[in-house]
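Engineer:
In this note's numbering, the protein residues as written are 237 to 391.
1) What is the C-beta distance between residue 323 and residue 264, in whole angstroms, given that I count them as a contact (C-beta under 8 Å)?
2) Going by C-alpha distance, which of 341, 328 and 349 is nearest residue 258?
3) Could you name the residues that DSSP lists as bridge partners for residue 348?
4) Under 6 Å Cβ to Cβ from residue 240, same chain only, skipping five residues before and after it: list those, please.
5) Measuring only the C-alpha atoms, how far is residue 360 from residue 349?
6) Drop a sphere of 10 angstroms on the beta-carbon of residue 344, count the other beta-carbons inside from all chains shown, and report buried for 16 or more, exposed for fewer.
7) Is residue 311 buried or exposed, if buried means 16 or more other CB atoms sit within 10 Å of its CB?
8) For residue 302, which residues of its own chain have a beta-carbon under 6 Å away from its beta-carbon, when the five flanking residues on both sides are left out?
9) Around the Cβ of residue 352, are there at least 16 other Cβ atoms within 10 angstroms (buried) or fewer (exposed)?
10) Hey, quick one: how far does the alpha helix (DSSP H) through residue 285 stretch, first residue to last?
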């Protein structure tokens with residue numbers, strides 16, 4: 237699976253609601269309202285964030301969703317926003333947390349990157365790198381122990 241992007245409307249909200257039932261899938265949902273001035277100011281940032289993530293969608297699994305005040309009531313999540321804009325993280329329909337920092341490109345992008353599930357290929361690549369690092373660290377530790385033993389013998 238890759239990172240999927242959906243802007244909810246009357247035609248796709250029911251299908252998305254079924255997909256949200258998968259308890260292993262992470263969903264980042266931006267709840268926006270057309271009448272909200274804060275949302276209007278945030279929309280250009282949100283577009284840039286989605287554009288950036290689309291170029292790297294193969295690295296992550298999950299959904300990045302834009303929901304408006306008209307479609308949000310059709311989403312089967314256990315918590316609805318109290319204000320707009322709200323960016324929420326869900327695992328399946330279970331609310332994990334809301335984004336709580338200043339809503340700008342860097343902060344929101346990092347929130348999404350840190351909370352969506354990395355693709356298995358990326359994880360295995362990272363694990364291999366960690367394994368190499370651990371082996372080289374073990375070699376360094378052995379060399380260090382040998383050096384300390386030599387010093388003790390010479391003293």
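Every residue gets a Cβ at the ideal spot worked out from N, C-alpha and C, and that includes glycine.
Structural biologist: Inspection of the coordinates gives the following:
1) Correct: roughly 7 Å between the Cβ atoms.
2) Cα-wise, what sits closest to residue 258 is 328.
3) Looking at the DSSP assignment, residue 348 forms no beta bridge with any residue, so it has no partner.
4) The beta carbon of residue 240 sits closer than 6 Å to those of 299, all from its chain and outside the five residues before and after it, given in chain order.
5) Low local confidence applies: a pLDDT of 37 at residue 360 is under 50, so the model's placement there is unreliable, with the coordinate-based value given in what follows. Approximately 17 Å between the Cα atoms of the pair.
6) That one is buried.
7) Flag for residue 311 reads buried.
8) Within the same chain, 243 and 266 come within 6 Å of residue 302 by CB-CB distance, once the 5 residues on both sides are set aside.
9) So residue 352 counts as buried.
10) For residue 285, the enclosing alpha helix (DSSP H) stretches over residues 273-290.
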